[in-house]
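Take 10 as the starting number for the sequence shown in our numbering and just add one per residue.
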Amino acid sequence: MTETRELTIYALEGLVAGGDIKGETLRCLNLETGKITNIPETQARQDTSWDMAFKRSVIYLNSGPAGPGDVQGALIDPPVDVSREDFVKITADDLKRKFDSVTTVPPGAQFRGEDVEPAIFDWRVLKDGRYTHNSVKGWKLRLADGARYAKMRMKRLEADCKAITIQYAYQPGKDAPLDEERMATINPGECFNFKTGSIAPESGMEWDIKHDGSRLLINSSVSGPGRAGALGSNKYGATWKNVENPSDSIAYFMDEFGAVFRNPKWYRYNIDGKHNLHPNGAVYAIKTLAGVYKLQVYEYFEHKGSDLGNFRIRYARLA
Numbered sequence: 010m011t012e013t014r015e016l017t018i019y020a021l022e023g024l025v026a027g028g029d030i031k032g033e034t035l036r037c038l039n040l041e042t043g044k045i046t047n048i049p050e051t052q053a054r055q056d057t058s059w060d061m062a063f064k065r066s067v068i069y070l071n072s073g074p075a076g077p078g079d080v081q082g083a084l085i086d087p088p089v090d091v092s093r094e095d096f097v098k099i100t101a102d103d104l105k106r107k108f109d110s111v112t113t114v115p116p117g118a119q120f121r122g123e124d125v126e127p128a129i130f131d132w133r134v135l136k137d138g139r140y141t142h143n144s145v146k147g148w149k150l151r152l153a154d155g156a157r158y159a160k161m162r163m164k165r166l167e168a169d170c171k172a173i174t175i176q177y178a179y180q181p182g183k184d185a186p187l188d189e190e191r192m193a194t195i196n197p198g199e200c201f202n203f204k205t206g207s208i209a210p211e212s213g214m215e216w217d218i219k220h221d222g223s224r225l226l227i228n229s230s231v232s233g234p235g236r237a238g239a240l241g242s243n244k245y246g247a248t249w250k251n252v253e254n255p256s257d258s259i260a261y262f263m264d265e266f267g268a269v270f271r272n273p274k275w276y277r278y279n280i281d282g283k284h285n286l287h288p289n290g291a292v293y294a295i296k297t298l299a300g301v302y303k304l305q306v307y308e309y310f311e312h313k314g315s316d317l318g319n320f321r322i323r324y325a326r327l328a
C-alpha cells in the first residue's frame, strides 16, 4: 500500500443548487497523478484522462454512460451507523483511523461501473419481498420545457413493477392555478407528457418522465435534452391538497450520475439541524487502469460563502 494522499477539491464559482439546466463543468481527478482539471460535463463523456468527477454533492466515476474510462467502484468499509447523538461526537481522527484500518479489498467486494441516479426516488417500497407503491411521498415537478410544472404522487404499482398509476395536477406556468387532478397509467418503456396527459414519444421535449421498469427518469441532464427537475418529500404526500403551487421551490433536482457514491451515500444529512452534509466515514475501492485505490471523503465544507461542492478526500493505492 502506498502513502496516503489528501486533496482539497474546491467548487467552481456559480454552482446552482439542484444543478444548472444549461450544463455544468466538473472538477475531475486523475487518481494516479493527483491532478485536478476542469472539464465540461458533455466533454467529459468522451475523455479518458479523468477517473472521478465532483460537482455540488455529486461524485461519479468515468465509466458507463458517464465516460469511456471503465473505472469501477465498490464499498469496502461501510458508513458509520450510529445514532445522531453519537454521530456528532465522531472526530476527524476517528475517520482517519477508519480509513487506515482498510488494507485490502475484501473478498466478495462488488465492483460496478457508473450509472444514472434518478431525481425521483423512493417511489416504490419493498414489503414482504414485493414492491408496492410509496403512498406517502409526493413530488413537485418542473417539466421538460422548464416553464411548466406539476405535482405527482403514486397511486398503484402492478406486480413486478410492470405498470404504475400516478395521480397528478398540471400547472401551465409559474404561479398559475393548477388544472384538475387526473390519473394516468404508465407501463415500462413508456414516457409521459403532463401537459397532454398522455403517453409520449421519447423525443426532444415531448416527454417529461419515463418509466424504465425499475426507475422513473426525467427529461434533463443525463437522461434527456430537456429542463425537467423534481423535488420529493413525504410532506407533499401528507399535505397533498395543500400543494397548490409546484413552481414555488427554490431548486429542482435533475437525474445525475453517481450510483456508486449514492448507494450507500458518502454522507449523512442534516445531523446538525442546518441541512448540511456530513461525511459518514465510508471507504470505497476505486479500480482504474492504473491500479486499485481506497478512498474516503472526510470533509465537506463552506468556502467563499458557498457550501456546495467543496470536498476533502484521502486515498491510497492498494494494488
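Glycine included, C-beta positions come from ideal geometry on N, C-alpha and C.
1) In three-state terms, what does DSSP make of E253?
2) Leaving out five residues before and five after I30 in sequence, what residues of the same chain have Cβ atoms less than 7 Å from its Cβ?
3) For I68, tell me which candidate among E199, S58, Q52 and D124 has the shortest Cα-Cα distance.
4) Write down the C-beta distance between K164 and M192 rounded to the nearest angstrom, noting that I regard them as a contact closer than 8 Å.
5) Give the straight-line distance between the Cα atoms of V89 and H287, rounded to the nearest whole angstrom.
6) Name the DSSP beta bridge partners of H142, please?
7) Between which two residues does the beta strand (DSSP E) carrying Y276 extend?
8) Can you grab the Cα-Cα spacing for the pair S207 / G246, in whole Å?
9) Do A328 and G329 come within 7 Å of each other at the CB atom, strictly closer than that value?
10) Where does the unbroken alpha helix (DSSP H) through L104 begin, and where does it stop?
11) Would you list the residues sitting across from F262 in a DSSP beta bridge?
12) Under 7 Å Cβ to Cβ from S256, same chain only, skipping five residues before and after it: list those, please.
13) Could you name each continuous alpha helix (DSSP H) segment of 4 residues or more that falls completely within the stretch 45-116, going from the start of the chain to the end?
14) Could you check whether R277 and T17 sit closer than 7 Å to each other, using their CB atoms as the reference points?
15) Just curious, the beta strand (DSSP E) that V292 is in, first and last residue?
16) Indicate whether D103 and T297 have their beta-carbon atoms separated by less than 7 Å.
17) Could you give the distance in angstroms between the alpha-carbon of G43 and the alpha-carbon of Q81?
18) For A101 and G290, I'd like the C-alpha separation in whole angstroms.
19) Nearest to L225 by CA position, among K136, P234, P197 and Y307, is which residue?
20) With DSSP as the reference, please indicate the residues paired to S315 in a beta bridge.
21) From F83 to G122, what distance separates their C-alpha atoms?
22) Where does I259 land, buried or exposed, given buried means 16+ other C-beta within 10 angstroms?
23) Just how far apart, CA to CA, sit Q305 and K283?
24) By alpha-carbon positions, which one of K250, G241 and I227 ends up nearest to M263?
25) Comparing C-alpha positions only, which one of W249, D131, T34 and F266 sits nearest to L166?
26) Distance check for Y324 and L24, CA to CA, integer angstroms please.
27) Could you give the DSSP three-state label for G209: helix, strand or coil?
28) Please list the segments of the beta strand (DSSP E) lying wholly inside the stretch 138-194, counting only runs of 3 or more residues, in order along the chain.
29) With K160 and A178 assumed to form a contact (beta carbons below 8 Å), what rounded beta-carbon distance in angstroms separates them?
Considering the structure as presented:
1) Position 244 of the sequence shown, counted from the start, is the residue given in the question as residue 253. If DSSP states are grouped into helix, strand and coil, E253 belongs with coil.
2) Indexing the sequence shown from 1 puts residue 30 at position 21. G155, S229 and R236, listed in sequence order.
3) Counting from one through the sequence shown, the residue named residue 68 turns up at place 59. Of the candidates E199, S58, Q52 and D124, D124 places its Cα closest to the Cα of I68.
4) One-based indexing of the sequence shown puts residue 164 at position 155. One-based indexing of the sequence shown puts residue 192 at position 183. At roughly 7 Å, the Cβ-Cβ gap stays under 8 Å, so K164 and M192 are in contact.
5) Your numbering for residue 89 matches position 80 in the sequence shown. Your numbering for residue 287 matches position 278 in the sequence shown. Roughly 11 Å between the two C-alpha positions.
6) Working through the sequence shown from its first residue, we reach residue 142 at position 133. Beta-bridge pairing links H142 to R133.
7) Translated into the one-based positions of the sequence shown, residue 276 becomes position 267. DSSP places Y276 in the uninterrupted beta strand (DSSP E) bounded by Y276 to Y278.
8) Along the sequence shown, one-based indexing puts residue 207 at 198. Along the sequence shown, one-based indexing puts residue 246 at 237. Using only the alpha carbons, I get a separation of about 23 Å.
9) Absent from the structure is residue 329, since the part of the chain shown begins at 10 and ends at 328.
10) Counting from one through the sequence shown, the residue named residue 104 turns up at place 95. For L104, the enclosing alpha helix (DSSP H) stretches over residues A101 to D109.
11) Taking the sequence shown and counting its residues from 1, one reaches residue 262 at position 253. F262 is bridged to A239.
12) Position 247 of the sequence shown, counted from the first residue, corresponds to residue 256. Around S256: Y158, Q180, K183 and D184.
13) The stretch 45-116 contains, as complete alpha helix (DSSP H) runs of 4+ residues, the segments 50-53, 93-96 and 101-109 (chain order).
14) As a first step, residue 17 is located in the sequence shown; it is residue number 8 there, counting from the start. As a first step, residue 277 is located in the sequence shown; it is residue number 268 there, counting from the start. No; because the gap between Cβ atoms is not below 7 Å, this pair is not in contact.
15) On the sequence shown, position 283 is the one that residue 292 refers to. Residues V292 to K296.
16) Within the sequence shown, residue 103 is the residue found at index 94, counting from 1. Within the sequence shown, residue 297 is the residue found at index 288, counting from 1. For D103 and T297, no; Cβs fall outside 7 Å.
17) Within the sequence shown, residue 43 is the residue found at index 34, counting from 1. Within the sequence shown, residue 81 is the residue found at index 72, counting from 1. Rounded to the nearest angstrom, the two C-alpha atoms are 18 Å apart.
18) Working through the sequence shown from its first residue, we reach residue 101 at position 92. Working through the sequence shown from its first residue, we reach residue 290 at position 281. The straight-line gap from Cα to Cα measures roughly 10 Å.
19) In the sequence shown, the residue the question calls residue 225 occupies position 216. Comparing Cα positions, the closest option is P197.
20) For the purposes of this step, residue 315 is taken as residue 306 along the sequence shown, with counting starting at 1. Per DSSP, H312.
21) What you label residue 83 is simply residue 74 of the sequence shown in a count that begins at 1. What you label residue 122 is simply residue 113 of the sequence shown in a count that begins at 1. Reading off the sequence, residue 83 comes out as Ala, not Phe. Separation of A83 and G122 (C-alpha to C-alpha, rounded to the nearest whole angstrom) is 9 Å.
22) Along the sequence shown, read from residue 1 onward, the residue named residue 259 stands at position 250. Exposed is the call here.
23) Stepping through the sequence shown from its first residue, residue 305 is reached at position 296. Stepping through the sequence shown from its first residue, residue 283 is reached at position 274. For Q305 and K283, the distance between alpha carbons rounds to 23 Å.
24) As a position in the sequence shown, residue 263 is number 254, starting the count at 1. Closest in C-alpha terms to M263, from the list K250, G241 and I227, comes I227.
25) In the sequence shown, counting from the first residue as 1, residue 166 sits at position 157. Nearest option by C-alpha distance: D131.
26) If you number the sequence shown from 1, residue 24 lands on position 15. If you number the sequence shown from 1, residue 324 lands on position 315. Approximately 26 Å between the Cα atoms of the pair.
27) Here residue 209 refers to the residue found at position 200 of the sequence shown. The displayed chain sequence assigns Ala, not Gly, to residue 209. Of the three classes helix, strand and coil, the one that applies to A209 here is strand, per DSSP.
28) As far as the stretch 138-194 is concerned, its whole beta strand (DSSP E) runs of at least 3 residues are 139-142, 147-151, 158-166 and 173-180.
29) The residue you call residue 160 lines up with position 151 of the sequence shown. The residue you call residue 178 lines up with position 169 of the sequence shown. A178 and K160 do touch by the CB rule: their CB atoms are close to 5 Å apart, below 8 Å.
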